[in-house]
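Below you can see the structure in the form of structure tokens.
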């Protein structure tokens, strides 16, 4: 079987390409830019295109399947050639469904918590010796790739992104998976360039419930008001609804414990992670895993990449990085750090990096999100605004949006780092939050400098 990837350098796309290569497919691809880690990973498997750019002459009738990435445009020359030849063209979510339509599909949807909940389920399945295919949005400890496809697994666990499927298919990705078990972790307005109002965005989750397979299950976060309203207003009688909330727990000497049938020490922490863990437990229950088996496995779960990921620590200081960028993620992550280390000063830094976060109208959603931090810094770059073709923001406008006089705003990352270096890092923690990297800050190097 021969598959060609248009825009192979994308996060999900290059992982799907590797998964098919490992399955024995002949895989080719193209892109107009490929950055690490995709570049080095494609090179490792012999899948890196020999030249950058689009090459319609390489689209030939002997290609069995074309997989189209969101990064490609509707007038992409390779796409036009594939359409002209009448080749079968899939978006990557379409392709994942085709590969999993005879399996039990667990799909995790929500504005936040998707990656961690997916990772928790996979960790427990792996610990229990249950083979599973998957697609997850971060590199996980113990898993070689972010996508796995096989002929033998009877279960597939899918992180269900609500963003658009492809340039020629404007449906949200998670509308294509038709879950047997659906999880809904949270609803908070995002992707405003695609969903211009909150109601339009919320409607995507209503549709997600409608697409659950007959006799399937909906596991939903009753702690989230919007999720609860969408789940409870749905009138389907042919699915099982399973609300969940924060489980009993306590924190002692910097460790969070679940108060279950036995006391279970955890490597992760934070209210949001406890919610994600409960959703994962319910999903595993649907596959026949007992609570006792789940608790035994989850105590060794160390988290997904950039989700409250420890960079370095000493007896007096810890540096963490996190993917938090949306308002609810920001609030949850800052609060989790403060709750886990209540006696330490918390210095929280976040980067406005996404289209939504850099839009003046959306900025007001951040009001109060960093209030639990002792020191709060917000960074954004003019370069990011230019790339997204957005008008300039001024620091005063950003500061007002956060509605907190403690918040200081930077648009030069070197000045931010300089400010951090001036501080005393005893009985203090640093939390760096972004879906980017603060325009090139090396978190590990910074941690080494601060923790001597």
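In my numbering, the protein residues as written are 3 to 454.
For each residue, glycine too, the CB sits at the ideal point set by N, CA and C.
Check: Identity of the residue in 290, 246, 426 nearest residue 131 by Cα; Outcome: 290
Check: Same chain, Cβ closer than 7 Å to residue 436, five either side skipped, listed in chain order; Outcome: 327, 352, 353, 355
Check: CA-to-CA distance, residue 57 to residue 87, given in whole angstroms; Outcome: 15 Å
Check: Alpha-carbon to alpha-carbon, residue 5 and residue 28; Outcome: 6 Å
Check: Rounded separation between residue 31 and residue 51 - CA only; Outcome: 6 Å
Check: Rounded straight-line distance, which links the Cα of residue 295 to that of residue 301; Outcome: 11 Å
Check: Which listed residue (187, 204, 369, 375) has its alpha carbon closest to that of residue 224; Outcome: 187
Check: Through-space distance from residue 273 to residue 252, alpha-carbon basis; Outcome: 11 Å
Check: Inter-stretch contact at 8 Å, needing at least 3 Cβ pairs: the segment 321 to 336 / the segment 109 to 118; Outcome: yes
Check: Bridge partners - residue 108, DSSP secondary structure assignment; Outcome: 159, 183
Check: Nearest-angstrom Cα separation, counted from residue 74 out to residue 374; Outcome: 41 Å
Check: Neighbourhood of residue 44 by C-beta distance below 6 Å, restricted to the same chain and skipping five residues each side; Outcome: 16, 50
Check: Residue 193 versus 19, 387, 359, residue with shortest Cα-Cα distance; Outcome: 359
Check: In DSSP terms, what residue 93 is bridged to; Outcome: 70
Check: Residues near residue 159 in its chain [Cβ-Cβ closer than 7 Å; skip 5 each side]; Outcome: 108, 120, 123, 124, 134, 136
Check: N-terminal and C-terminal residue of the beta strand (DSSP E) that residue 286 is part of; Outcome: Looking at the DSSP string, residue 286 is not in any beta strand (DSSP E); the run it does join, the alpha helix (DSSP H), is 273 to 288.
Check: Buried versus exposed, by CB contacts within 10 Å (16 or more), residue 139; Outcome: buried
Check: Alpha-carbon to alpha-carbon, residue 268 and residue 259; Outcome: 6 Å
Check: Residue 417 classed as buried or exposed, judged by whether at least 16 other C-beta atoms fall within 10 angstroms; Outcome: exposed
Check: Cβ contact (3+ pairs, closer than 8 Å) linking the segment 59 to 67 and the segment 34 to 48; Outcome: no
Check: Residue 432 versus residue 382: straight-line alpha-carbon distance, rounded; Outcome: 18 Å
Check: Buried/exposed call for residue 380, threshold 16 Cβ in 10 Å; Outcome: buried
Check: Secondary structure, alpha helix (DSSP H): runs of 4+ residues fully inside the segment 185 to 239; Outcome: 200 to 212, 227 to 235
Check: Integer Cβ distance of residue 455 from residue 25, believed to fall under 8 Å; Outcome: Absent from the structure is residue 455, since the part of the chain shown begins at 3 and ends at 454.
Check: Buried or exposed by the 16-neighbour rule on C-beta atoms within 10 Å, applied to residue 1; Outcome: Summary: the structure shown does not reach residue 1, with the chain confined to residues 3 through 454, and so no result is reported for it.
Check: Rounded separation between residue 275 and residue 308 - CA only; Outcome: 13 Å
Check: Close Cβ partners of residue 244 (< 8 Å) along its chain, the five nearest in sequence each way excluded; Outcome: 219, 220, 221, 222, 284
Check: The segment 366 to 373 in contact with the segment 383 to 397 per 3-pair CB rule at 8 Å; Outcome: no
Check: Rounded straight-line distance, which links the Cα of residue 227 to that of residue 103; Outcome: 32 Å
Check: Cα-Cα separation between residue 1 and residue 446, rounded to whole angstroms; Outcome: Absent from the structure is residue 1, since the part of the chain shown begins at 3 and ends at 454.
Check: Residue 169 versus residue 72 - alpha carbon distance; Outcome: 6 Å
Check: Where residue 306 falls: helix, strand or coil (DSSP); Outcome: coil
Check: Residue from 297, 232, 237, 271 with nearest C-alpha to residue 262; Outcome: 297
Check: Spatially closest choice to residue 335 from 277, 234, 451, 412, by CA coordinates; Outcome: 277
Check: Span separating the alpha-carbon of residue 76 from that of residue 8; Outcome: 11 Å
Check: Residue 23 versus residue 48: straight-line alpha-carbon distance, rounded; Outcome: 9 Å
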